[in-house]
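Trainee:
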Amino acid sequence: MEKLTGTVKWFDSKKGYGFITADNGQDVFVHYTGISGTGFRTLEEGERVSFNITESDKGLKAVEVERL
């Protein structure tokens, strides 16, 4: 599966979640556990990322999120 790309709309590092706006305009939920890497995982508003989407019980969720 080809990864999607988008821009971080907002991310609250204290709460550990936020939203990514995919290049197709769709907003996708992101939790810190979906961010690739080790240590403190956070994202900055406006940062470009690539990611995959999975279905959760609350809707679409970004996983395997990587900074570009």
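If you read the sequence shown in my numbering, its first letter stands for residue 7, the second for the next number, and so on.
Yeah, the Cβ is synthetic: ideal placement off N, Cα and C, and Gly gets one too.
Thinking just about the alpha-carbon of each residue, which of 35, 70 and 56 is nearest to the one in residue 63?
Mentor: The shortest Cα separation from residue 63 among 35, 70 and 56 belongs to 35.
Trainee: Please tell me whether residue 74 and residue 47 are closer than 8 angstroms, where the distance is taken between their beta carbons.
Mentor: In this structure, residue 47 does not lie closer than 8 angstroms to residue 74 by Cβ.
Trainee: Excluding the five sequence neighbours on either side, which residues of its own chain have a C-beta within less than 7 angstroms of the C-beta of residue 66, listed in chain order?
Mentor: Cβ within range, chain order: 34, 35 and 59.
Trainee: Excluding five sequence neighbours on each side, which residues of the same chain lie with their C-beta closer than 7 angstroms to the C-beta of residue 14?
Mentor: Closer than 7 angstroms at Cβ, skipping near neighbours: 24, 26, 49, 50, 51, 52, 53 and 55.
Trainee: With 16 as the cutoff for other CB atoms within 10 Å, does residue 12 come out buried or exposed?
Mentor: With 16 or more Cβ atoms within 10 Å of its Cβ, residue 12 is classed as buried.
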